[in-house]
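Chains as they are written, first to last, in our numbering: chain C, 1 to 111; chain Y, 1 to 112.
We put the beta carbon where it would ideally sit given N, CA and C, even for glycine.
Since the structure is predicted, the reported quantities are computational estimates derived from the model, not experimental observations.
What follows is one structure encoded as structure tokens, with my remarks underneath.
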Amino acid sequence: EDKVVQSPLSLVVHEGDTVTLNCSYEVTNFRSLLWYKQEKKAPTFLFMLTSSGIEKKSGRLSSILDKKELFSILNITATQTGDSAVYLCAVGIQGAQKLVFGQGTRLTINP
Amino acid sequence: DGGITQSPKYLFRKEGQNVTLSCEQNLNHDAMYWYRQDPGQGLRLIYYSQIVNDFQKGDIAEGYSVSREKKESFPLTVTSAQKNPTAFYLCASGGQFNYGYTFGSGTRLTVV
């Protein structure tokens, strides 16, 4: 059974801190790994990773994939209260045309 | 503007009733998906459709039904057989290579 596990499930930090969110996976036929941010309702796309070792960056957010160890991390530096959200990791399955999601990490940034 | 629209935003259902959640997209995407989100459990796949007039069960299809008569529309019916329907329901659509989804804003269903 395809499985995606995120950790921690919940994280509370102070504004300005750096956080690292983890995503590990066990799937039959890996295609891609995606990160989404969910603030209130619709998740919004952050990154898609398909190759190991290549860091994707967008402002204070960055992510990297390790296909040998089957995990990805999402880093957020100099956190702001607007970064408070649920961060979802999902893995695309080759051939099945669907995404398998992890449980999400609820990140709370306190001022 | 292209996008995906879910309605209603909030829905209340009495026990024993069937209800239908609407999902419409104008992104010309072939694939559409229904997910259920419960607190602390992430997104779980209910049904998905890769093409008109065809759909597949996801991981938690029991108590739900769908149809895909048009490319733009993928309604979800929550039947009385679904024992715990209170949840947040998200519809999504994906392009040909399905590298990522576009999500709707969701429907929060509550059984009263």
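Within chain C, the residues that residue i reaches when beta carbons sit closer than 7 Å
| i | result |
| --- | --- |
| Phe103(Y) | Ala42 and Pro43 |
| Tyr48(Y) | Lys98 |
| Ala113(Y) | Limits of chain Y in this structure are 1 at one end and 112 at the other, which puts residue 113(Y) out of reach. |
| Gly100(Y) | Leu34, Phe45 and Met48 |
| Gly63(Y) | Going along chain C, no residue has its Cβ under 7 Å from Gly63(Y), so there is no contact; the nearest lies around 20 Å. |
Closest Cα partner of residue i within the set the options
| i | options | result |
| --- | --- | --- |
| Gln56(Y) | Leu11(Y), Tyr48(Y) and Val112(Y) | Tyr48(Y) |
| Gln103(C) | Asp17(C), Lys56(C), Asp66(C) and Cys23(C) | Cys23(C) |
| Thr86(Y) | Arg44(Y), Arg13(Y) and Thr5(Y) | Arg13(Y) |
| Lys71(Y) | Thr107(Y), Pro8(Y), Gly58(Y) and Ser93(Y) | Ser93(Y) |
| Lys37(C) | Glu1(C), Asp2(C), Gly59(C) and Leu88(C) | Leu88(C) |
| Trp35(C) | Phe45(C), Ser7(C), Ile93(C) and Asn29(C) | Phe45(C) |
| Pro8(Y) | Glu69(Y), Ser67(Y), Phe88(Y) and Leu27(Y) | Phe88(Y) |
Where residue i meets chain C, residues with beta-carbon distance less than 9 Å
| i | result |
| --- | --- |
| Gln41(Y) | Gln103 and Gly104 |
| Ala87(Y) | Under the 9 Å cutoff, chain C gives no residues; its nearest Cβ is about 13 Å from Ala87(Y). |
| Leu45(Y) | Lys98, Leu99, Val100 and Phe101 |
Outcome for residue i when other beta-carbon atoms lying within 10 angstroms are tallied against a minimum of 16
| i | result |
| --- | --- |
| Val12(C) | exposed |
| Lys98(C) | buried |
| Val112(Y) | exposed |
| Ile51(Y) | exposed |
| Ser32(C) | buried |
| His29(Y) | buried |
| Ile4(Y) | buried |
| Pro43(C) | buried |
| Thr28(C) | exposed |
Chain-order list of residues whose beta-carbon lies under 6 Å from that of residue i (same chain, five-residue window excluded)
| i | result |
| --- | --- |
| Tyr25(C) | Val4, Leu70 and Val91 |
| Thr20(C) | Ile73 and Asn75 |
| Asp17(C) | Thr79 |
| Thr115(Y) | Residue coverage of chain Y in this structure runs from 1 to 112, which leaves residue 115(Y) outside it and unanswerable. |
| Arg106(C) | Ser10 and Val86 |
7 Å Cβ shell around residue i - same chain, five flanking residues per side excluded
| i | result |
| --- | --- |
| Ala61(Y) | Ile46 and Tyr47 |
| Ser52(C) | Leu65, Asp66, Lys67 and Lys68 |
| Pro111(C) | Glu15 and Thr81 |
| Ser62(C) | Glu55, Lys56 and Asn75 |
Contact list for residue i against chain Y, beta-carbon separation under 7 Å
| i | result |
| --- | --- |
| Lys68(C) | The premise fails here: Lys68(C) is roughly 22 Å from chain Y at the closest Cβ pair, so nothing lies under 7 Å. |
Chain-ordered chain Y contacts of residue i [CB-CB under 8 Å]
| i | result |
| --- | --- |
| Leu9(C) | Gly40 |
Same chain, Cβ closer than 8 Å to residue i, neighbours up to 5 away in sequence not counted
| i | result |
| --- | --- |
| Gln82(Y) | Glu62, Gly63 and Tyr64 |
| Thr108(C) | Ser10, Leu11, Val12, Val13 and Ser84 |
Proximal chain Y residues relative to residue i, where beta-carbon distance stays under 9 Å
| i | result |
| --- | --- |
| Leu107(C) | Here the premise fails: no neighbours, minimum Cβ distance about 14 Å. |
| Leu88(C) | Gly42 and Leu43 |
Under 8 Å from the C-beta of residue i: neighbouring residues of chain C
| i | result |
| --- | --- |
| Gly106(Y) | Lys41 and Ala42 |
Checklist entry - Along the chain, which unbroken stretches of the beta strand (DSSP E) at least 3 residues long are found entirely within the stretch 27-103 of chain C? => result Note on the stretch 27-103 of chain C: whole beta strand (DSSP E) runs with a minimum of 3 residues are 30-38, 44-49, 56-58, 61-66, 71-76, 85-93 and 99-101, in chain order.
Checklist entry - Where are the beta strand (DSSP E) runs, 3 residues long or more, that stay fully inside the stretch 40-89 of chain Y, in chain order? => result The stretch 40-89 of chain Y contains these whole beta strand (DSSP E) runs: 43-51, 54-57, 64-66 and 76-78.
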